[in-house]
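Numbering (this note's numbering), first residue to last: 14 to 359. Don't be surprised by glycine CBs; every beta carbon is placed ideally from N, CA and C. To start, the structure itself, in structure tokens.
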Amino acid sequence: MTYRKDLPWLSLVALLVLGGSCSPPVEESASFAGGVAFDIPDWSGRWYKGNTHAHTTNSDGDSSPEYVARWYKENGYDFLVLSDHNVLTDPEALSHIADDEFLLIPGEEVTSSFESAAVHVNGLNIPHVIEPRRSETLVATIQANVDAIREVEGVPHINHPNFLWSIGAQELAQVEDDRLLEIWNGHPTVHNDGGSGSPSVEEIWDVLLTGGKTVFGIAVDDAHHFQGEFNADRANPGRGWISVRANTLEADELMASLEAGYFYASTGVELTEIAVRPRSIEIHIAQDRDFGYETTFIGASGEMLLRTEDNPAVFHLNEDVGYVRARVQDSRSDLAWVQPVFVMRR
Ligand SMILES: [Zn+2]
Ligand SMILES: [Zn+2]
């Protein structure tokens, strides 16, 4: 995708007063040379790879919960959320698959709708099944399902906004108490890249961030098809995931890191380290064979701040650009997204 500064939809939405705005706290120890510094995240621990969106025969998947859990375990994942439509596929029944190196976190794709729009919100780390809610507007319906997940202390993520062209930036900007948005989903009909004049989900993400909403982007499989041929027209596993920074492989810790943005999302590019200093971000990319890497640093309004083929990729902060996030693309077009780091002003 390309980044343009003057997209008409962007100007429109930028005029809105957005909900859920968050001013990062001023950190006294940060260097304020030039009047700006990053709000530095606490990225302790190690990386844990996981997928938070997968279906089984308990809803519309083609394989049993046992088969799906084993697929992820055998393919190098550290954790998995089985997220059937309006069904809680209980990890307790799969406890013989889980161990110290593979965690199953209870979840559900809370599946509702408003008129022709699909309202699908994943609930992660929930104690029991959640009934989908409906309300009188699209925004109220999204909010009601986010609230239902929060009421049981689960973590919501809003799924595939471009599926059936259901949810736009204007609606998402009005939702409160949510921190996670699927910016990439492996299902073949979810229109990650937009089209016909509609923005990509990544562009929607920049509109939300520019408007002051603190929201982090996740990549997921939304896997349904584990049997038969794997091809681009089927919802196969292994396409989109997150690597979360945590000290131990425990659900509560992973959830806290997710909501704080201590993770990156990927469709294939692996990162080894993301170092945020008061006035720089340094991204270390795991070199795969002879692949090349291009890293783009992006600021408010989706503005491209820097593009580099260096590894590590380094960005230096010299002015207030609102936030800085990064997108790494390799020479076979796989991607990784580094979460936004917010700029503080003196
Ligand atoms: Zn869905
Ligand atoms: Zn799904």
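In the three-state reduction of the DSSP assignment, W254 falls in the strand class. If you ignore the 5 residues before and after R290, its C-beta comes within less than 8 Å of the C-beta of F51, I53, all in its own chain and listed in chain order. Distance from the CA atom of F92 to the CA atom of H66, rounded to whole angstroms, is 11 Å. Cβ contact annotation for G89 (same chain, cutoff 8 Å, sequence separation greater than five): K62, in chain order. Within the chosen limit of 7 Å, ligand 2 reaches the beta carbon of S96 through at least one heavy atom. With respect to A326, T308 sits close: the two C-beta atoms are nearer than 8 Å.
For V282, there is no enclosing alpha helix (DSSP H), as DSSP marks it with neither H nor E. The C-beta of S293 has fewer than 16 other C-beta atoms within 10 Å across all chains shown, which makes the residue exposed. Looking at the DSSP output, T223 bridges to nothing. Looking from the CA of A161, the closest CA among I180, I139, S213, L177 belongs to I139. The closest CA to that of S346, considering only S279, N99, E215, is found on S279. The DSSP assignment places 193-198 as complete runs of the beta strand (DSSP E) inside the region 188-220, in order along the chain (cut-off: 3 residues). Using a Cβ-Cβ distance cut-off of 8 Å, the region 242-259 and the region 197-212 are in contact, since at least three pairs of beta carbons, one from each stretch, lie closer than that value. Per DSSP, Y85 is one residue of the alpha helix (DSSP H) stretching across 78-87. Here V165 is exposed, its C-beta having fewer than 16 other C-beta atoms within 10 Å. For the options F355, N64, T223, L107, the alpha carbon positioned closest to that of L185 is the one of T223. The continuous beta strand (DSSP E) containing S125 extends over residues 116-127. Shortest Cα-Cα distance from G167 to any of R192, H238, T70, Y85 involves R192. With contacts defined by Cβ atoms closer than 8 Å, E122 and S148 do not form a contacting pair. Secondary structure of D301 (DSSP, three-state): coil. Taken through DSSP and simplified to helix, strand or coil, N135 comes out as strand. For E332, there is no enclosing beta strand (DSSP E), as DSSP marks it with neither H nor E. For H98, the pairing in a beta bridge is given by DSSP as E122. With a cutoff of 8 Å on beta-carbon distance, A264 and I110 are scored as not near each other.
S270 sits in a helix when the DSSP states are folded into three classes. Pairwise C-beta distances place the region 170-190 in contact with the region 213-221, as three or more of them are shorter than 8 Å. Of V134, S314, F276, D246, the smallest CA-CA separation from I296 is found for F276. In the DSSP assignment, A153 falls within the unbroken alpha helix (DSSP H) covering 151-164. In the DSSP assignment, the residues bridged to H170 are N135, L193.
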